[in-house]
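K.L.:
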Amino acid sequence: SLLIVEVPMSNLTFTENAATSAYRARTSVLALIKDASGKVVKRFSRDLPLTGPSDKIAMVKSGNFVYRENLTLAPGKYTLETAASDGEGNQFGARTQPVEIGAPAGVGLSNLFLVRNYQQGVKDLTKEEPLQFNGGRVTPSMTGRIVGSPGTTLAVFFTVYPDGSSAKPELTIE
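Under our numbering, think of the first position of the sequence shown as 1016, with each following residue one higher.
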């Protein structure tokens, strides 16, 4: 399984220092996965301090901080609790959502993701990285929205998990 937490950089407070023409910002993310009894079974966190030249603030604000973590969970019902902080603005946001991991049975299909970005030739990919394709890393859009322009292609990513039989799975999309 893959945990993805996305924080739009436009939601962060950027503090500018006029004397140095530099900015600073900070976000921290905490994720807890709890089992059906409420016991924490996995905990992840990441702190991201940002600094740079003031003339790059607009570019940085147009992006997203994406935290990814591979994990293995037994089949069952879980709760994912995530929290993100804006270190400069002293603001916090949190979300709780149910997660159900089913027992493998037959051919499986992952969630479908709209693709925001594809990085080719990524050197640090492992076999456990679920969002990879032809030696590159897929970054999904967690908002379900993609900004396009005339002539752009809409990309969707998913994984088909074979059931171990000798039959090769086939998929048709309309």
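Built from N, CA and C at the ideal position, the CB exists for glycine as well.
(1) Shortest alpha-carbon distance to residue 1086 belongs to which of 1021, 1176, 1169, 1048?
(2) When you compare each of 1148, 1104, 1041 to residue 1190 by their alpha carbons, which one comes out closest?
(3) Thinking just about the alpha-carbon of each residue, which of 1133, 1063, 1127, 1044 is nearest to the one in residue 1097?
(4) Per DSSP, which residues does residue 1064 bridge with? Please list them.
(5) Could you give the distance in angstroms between the alpha-carbon of residue 1131 and the alpha-carbon of residue 1156?
(6) Looking only at DSSP bridge pairs, what is residue 1109 linked to?
(7) Quick one: grab the DSSP three-state call for residue 1162.
(8) Using three-state DSSP, classify residue 1175 as helix, strand or coil.
(9) Which full runs of the beta strand (DSSP E) of 3+ residues lie inside the stretch 1107-1157, going along the chain?
(10) By the three-class DSSP mapping on this structure, what secondary structure does residue 1034 have?
(11) Taking DSSP's pairing of strands, which residues face residue 1020 in a bridge?
P.N.:
A quick look at the data gives this:
(1) What you label residue 1086 is simply residue 71 of the sequence shown in a count that begins at 1. That would be 1048, whose Cα lies nearest to the Cα of residue 1086.
(2) The chain is shown from 1016 up to 1189; residue 1190 falls before or after that span and cannot be answered.
(3) Position 82 of the sequence shown, counted from the start, is the residue given in the question as residue 1097. Nearest of 1133, 1063, 1127, 1044 to residue 1097, Cα basis: 1044.
(4) Taking the sequence shown and counting its residues from 1, the one referred to as residue 1064 is at position 49. BP columns for residue 1064 point to 1041.
(5) The residue labelled residue 1131 in the question sits at position 116 within the sequence shown. The residue labelled residue 1156 in the question sits at position 141 within the sequence shown. When rounded, the distance between both Cα atoms is 5 Å.
(6) One-based indexing of the sequence shown puts residue 1109 at position 94. Assignment of beta-bridge partners to residue 1109 by DSSP yields 1098.
(7) In the sequence shown, residue 1162 corresponds to position 147, counting from 1. DSSP places residue 1162 in coil when its eight states are reduced to three.
(8) Counting from 1 along the sequence shown, the entry for residue 1175 is found at position 160. If DSSP states are grouped into helix, strand and coil, residue 1175 belongs with the strands.
(9) 1128-1134, 1151-1155
(10) Your numbering for residue 1034 matches position 19 in the sequence shown. Looking at residue 1034 - three-state DSSP - the assignment turns out to be coil, as it is neither helix nor strand.
(11) Position 5 of the sequence shown, counted from the start, is the residue given in the question as residue 1020. Answer is 1082.
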